[in-house]
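Working notes, beginning with the structure itself.
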Amino acid sequence: LTHGLTVPENLKGKLYDPEKDERLIKGSDPEKPTPEQLKRIQNFVTQCSALGAAALLEQFDAVKAYNVDLPANTASHVANGPKNRYKDIFCIEGSRVILKDGKEGDYINANWVKGAPFLNDFICTQGPLEGTINDFWRMVVQENVGYIVMLCDIIELGKRKCEKYGILNRYSAYPLADYKVTLLNGHIDGHFTNSILTIDIPGKQSRIVYHHQWRNWLDRGVPLTALAGLRVLRHARLTKCPTIIHCSAGVGRTGTLVAIEYMLQTIINGDGPYDMREMVKTLRNQRAHVIQTAPQYAYIVQAILRLLVTLDSSSADANAKYQQFTG
């Protein structure tokens, strides 16, 4: 993997490390496609190019109001108002993560997003509130999470978007009601701050969690780069452990990143035509409101186009189509 983080020698073998138990993804790796899979990626790009950028944005307008029956399917959300960062970002009952340790209630504003075509399981959640930090780590421990991908800053444009929930100075410990989280190692690499955290769990083996914060993706916007998203998705794809992805609300930036993986797996594992509107509906059936803006919808295509340019760098056609969607 490419995050550049290493576990200190004196701790190797003593901690559960999710990177020591990788998933075999041969045949389902969009970054190493077979010739047939590369052709499918090219076909998707051709389909989007024929549609055009303006029509793609109109396509999102036609589906942006879709959600499952809300708030009928959100009884726990309504009953746990103080645990929701935004009262209008609903947590769907059928797919919510249920905290099962019997402490402080079973609710957290987090939903499973999993099943075909994903190889891996995602948990999409809001940025922790001061009163839900312990719940967040209860979820990490309960679900054996290997990676946490944070797509927001603590403060954005003067507004608080997330609480600090364990990212402190090296070797400093963040005390929680149930666990202790320690930052072992970390560094800034391009768009990311990458960290290795350890969780001390009473009566169980301590474990490692890898934390990646994408620092410059603004709320309701899109990043300047598409490669960074592909890079972090590779970590999630390789681990057998669930991956938590969160921004502030856990739907816009979070849903966009998950949607890229959904489309990549859909494309390489089946012939087109490929319907991104159905992708939005499928994801929103598990996490309401995901992908909030038309630019975020278009960014999904940009990321796949950027992957094609990387895979087929000599293709003038691939580069021209990438420019069509990026200006």
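Using full-length UniProt numbering, the final residue of the sequence shown is 327, and nothing's skipped along the way.
Here a beta-carbon is modelled for each residue, glycine too, at the ideal position from N, C-alpha and C.
All values reported here derive from a predicted model rather than from experimental measurement.
Spatially closest choice to V68 from L308, N285 and R306, by CA coordinates:
Taking V68 as reference, the option from L308, N285 and R306 with the minimal CA-CA separation is N285.
Chain-order list of residues whose beta-carbon lies under 6 Å from that of V149 (same chain, five-residue window excluded):
Within the same chain, V149 has close Cβ partners H212, V232 and I245.
Evaluate R96 with the Cβ neighbour count: other Cβ atoms within 10 Å of its Cβ, from every protein chain shown; 16 or more gives buried, anything less gives exposed.
Looking at its Cβ environment, which holds 16 or more other Cβ atoms inside 10 Å, R96 is buried.
C-beta contact flag for residue 330 and I260 at 8 Å
This structure does not reach residue 330, given that the chain is present from 1 up to 327, and the question cannot be answered.
When we look at the beta-carbon of K83 and count the other beta-carbons within 10 Å, is it buried (16 or more) or exposed?
Residue burial annotation: K83 is buried, with at least 16 other C-beta atoms found within 10 angstroms of its C-beta.
For V140 versus I201, is the C-beta distance shorter than 8 Å?
Cβ atoms of V140 and I201: not closer than 8 Å.
Backbone secondary structure at G94 - three-state DSSP:
Assignment of G94 by DSSP, reduced to helix, strand and coil, places it in the coil class.
Since V301 and C124 should fall inside the 8 Å C-beta cutoff, what is the C-beta to C-beta distance between them, to a whole number of angstroms?
The C-beta distance from V301 to C124 rounds to 21 Å, too long to fall under 8 Å, and the pair is not in contact.
Could you please give the first and the last residue of the uninterrupted beta strand (DSSP E) stretch that includes S195?
Residues F192 to D200.
I believe A288 touches I92 by the beta-carbon criterion, under 8 Å. Please report the beta-carbon distance rounded to the nearest angstrom.
Confirmed, about 5 Å.
Can the beta-carbon of T254 be found less than 8 Å from the beta-carbon of N120?
Between T254 and N120, the C-beta gap is not smaller than 8 Å, which leaves the two residues out of contact.
Could you pull out every residue in the same chain whose Cβ sits closer than 8 Å to the Cβ of T266, ignoring the five residues on either side in sequence?
The answer, listed in chain order, is P117, Y274 and M279.
Quick check on this structure: which residue in G186, T193 and F60 has the alpha carbon closest to the alpha carbon of D153?
Nearest of G186, T193 and F60 to D153, Cα basis: T193.
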